[in-house]
Every structure is written in structure tokens, then in C-alpha cells.
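Novice: The sequence shown runs 1 to 308 under full-length UniProt numbering. Okay, handing you the structure first.
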Amino acid sequence: MSIHDLVSRMDANASSLEKVLDDILSSNLRENEAERPARLLEAMRHAILGGGKRLRPFLLMETARLFGAADEGALRAAAAVELLHGYSLVHDDLPAMDNDDLRRGKPTVHKAFDEATAILAGDALLTLAFDVLSDEATEPDPRLRIDLVRALSRAVGIGGMVGGQMLDLAAEGRFSSTEAALTEDKIAQLQAMKTGALLAASVEMGAILGEAKPEQRLALTHFGRTLGAAFQIADDLLDLESTAEVLGKAAGKDAGQGKATLPSLWGVEHARQHLSALVRHAEEALHDFGENADVLRATAHFVAERKS
């Protein structure tokens, strides 16, 4: 599959997802809701709607499609992943965290509104993600719904994304006057938690919806984790070499904040070689799925070659 065809497929999926997200984030009250405060809802919509290629939801949908499970319920599960991803970005951008003013080419939520509203918007997006995921409209089988909730919560909690963010802050020297240099293994672990875990969970959730066999789920989990590692290295290279205009967010911040990254440790050329090796490993993990997994293979190349 060509990159052009892949991007067209991503755009079509993002368009379908946008409609679901727009409905989820409408002013219509759901059962047992008393009110949806207008400013809070506006901030949540600012954070979520109109947002790029939607890679994580796309991975969920394409993995589910391997098993003929890419239906409306899978689209709702993909929306839940995007709501959670949006929460993480809103909170990451706060002054107490990465202190960013630009996200996806527009002001971050705390800049467009205020810090208190941004915190609450992030909180609301996080809880709404699990509301959507636990709804029968997403998956009628309660066993699968529990598996989906577990996979996502494990990926983004203390042992995943949030824990990785804490390790990242510690690596900046936030909590100690003596900053210890991180080893290659520690950097890889930090990044696997902070960034890779949600990407891997997106693939795993597609496999859950498709009721994949244990060996299939294991292969797809390996693909997701390898893809997550590739995504982070590509992201770190973009931060080093691109511009804010191209990225739609601040560039060069990692070095400025003293963040530990593998490209900064290895050098750009070694990092690119490792990135290519990760793409090969990701493709190898999909061997048993044959041509049916061509979209996922193309996605691995897209992740490595993207410009923003």
C-alpha cells in the first residue's frame, strides 16, 4: 500500500471518527447527567475536534478490521481512545508540565481558556473515555467491555502513560538538585510507558474487539509495542530537526528542557538506523496475518517517515 493510499484511508477514518466525537461532545444530556457546563464543553471540544490523522483510533480500527470487527462499536471504542489521548495532551501542555502554547496549530487549552478550565477539561475527557468504553453501545458483551477497560486503564495509569510522565519529569531534575543521567534502557522504558503504551493498547483493543486468538493477540501486542518505540524515536527526531510551523507545536523543546531522548544519546544517524530496524521488526510481527495486515505494515512506515 502506498503512503498516499494510506493517508486517504486515515483521512476517511478520521472523518468518521469526527462525527462520533462531535456527537459524544454535544450539549445533549446523557442519562443521570444534570448539566454540561458550556465553557467546560467548549474547552473539551477545542481539545478534541479537528485533530489530525487520529493515529491511535486508526490502529484500533485497522486491527479490529483484521477480524471483521470494524463496526460502529469499534468506532466508539476508537473515540474513547482519542478522548483519553486528548486528556493527556491537555494536561501535558499545562505550565506545571511541558508549558506549551501551541497544539495542532492552535492555542493549547490553557491558553485558549485558562489553567483551571484546562485541568477540568482534561479530567472530564479522561472520565468520558471510560464512560464511552463501558457503554453497551460500544460492545454488548460485558466480558469484552471489561477487557477493553482493563487494557486502556493499564496502559495509561501508574504503570503506563502517567507513570512515564512522572519519570520524565524526574529525569528533567524537577525533584532533585542532582540530575542523574539516564541509561539507554531507562530512556527506552520511560518512553515505552509515556508514549508507547497507549499506541500498543490501541492495537490490543482492536484485537480484543476481534476476539483474536492468544497467539494472534501476542503478535499484535508485539507489533504495537514496536510501533510505539518507532513513533517516539521519530517524534524525537522531528523535535530536533523540524519547525513549529511544520509540527503545529513547539519544536526543539526536548533539548531546551534537558529531556533525555535516544537520538540525543545516540546521535541522529544511529537513531535513524534503529528506527528502520524497528519498522522491520514491526512488519515481522505481522507475518502470520499475510496481506490482510498490509495497512498496519504501511502504518509502521508512515510513523517512521512522517513530517509532523
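We treat Cβ as the ideally placed atom computed from N, Cα and C, and that holds for glycine. Please read these numbers as outputs of a predicted model, since none were measured by experiment.
Please state whether DSSP places Arg280 in a helix, a strand or coil.
Specialist: Here residue 280 refers to the residue found at position 280 when the sequence shown is read from its first residue. Helix, per DSSP.
Novice: Is Pro57 near the ligand NAP, with its Cβ less than 7 angstroms from a heavy atom?
Specialist: Judged by which ligands are present, the structure shown has none, so any question about the ligand NAP falls away.
Novice: In whole angstroms, what separates the C-alpha of Phe302 from that of Val268?
Specialist: One-based indexing of the sequence shown puts residue 302 at position 302. One-based indexing of the sequence shown puts residue 268 at position 268. Roughly 19 angstroms between the two C-alpha positions.
Novice: Under the rule that 16 or more other beta-carbon atoms within 10 Å means buried, what is Ser88, buried or exposed?
Specialist: Sequence index remark: in the sequence shown, residue 88 carries index 88 (1-based). So Ser88 ends up on the buried side.
Novice: State the DSSP-derived secondary structure class of Leu199, mapped to helix, strand or coil.
Specialist: Residue numbering aside, residue 199 sits at position 199 when the sequence shown is read from its first letter. Three-state result, Leu199: helix.
Novice: Quick check on the burial criterion: 16 or more other C-beta atoms within 10 angstroms. Buried or exposed for Gly159?
Specialist: Counting from one through the sequence shown, the residue named residue 159 turns up at place 159. Gly159 should be labelled exposed.
Novice: What whole-angstrom Cβ distance do Ala271 and Leu262 have, given they're in contact under 8 angstroms?
Specialist: If you number the sequence shown from 1, residue 271 lands on position 271. If you number the sequence shown from 1, residue 262 lands on position 262. Yes, Ala271 and Leu262 are in contact; Cβ-Cβ is about 6 angstroms, under 8 angstroms.
Novice: Can you give the Cα-Cα distance for Val162 and Met193, rounded to whole angstroms?
Specialist: Within the sequence shown, numbered from 1, the residue matching residue 162 stands at position 162. Within the sequence shown, numbered from 1, the residue matching residue 193 stands at position 193. Whole-angstrom Cα-Cα distance: 8 angstroms.
Novice: Identify the residues that DSSP records as bridge partners of Lys186: which are they?
Specialist: As a working note, residue 186 is residue 186 in the sequence shown. For Lys186, which the question treats as bridged, DSSP gives no partner whatsoever.
Novice: Tell me, please, which residues DSSP counts as bridged to Lys106.
Specialist: Start at 1 with the first residue of the sequence shown, and residue 106 comes out as number 106. The partner list for Lys106 (beta bridge, DSSP) reads Arg103.
Novice: Cα-Cα, which of Gly290, Glu184, Glu204 and Glu211 is closest to Ala260?
Specialist: The sequence position of residue 260 within the sequence shown is 260, counting from 1. Nearest C-alpha to Ala260: Glu184.
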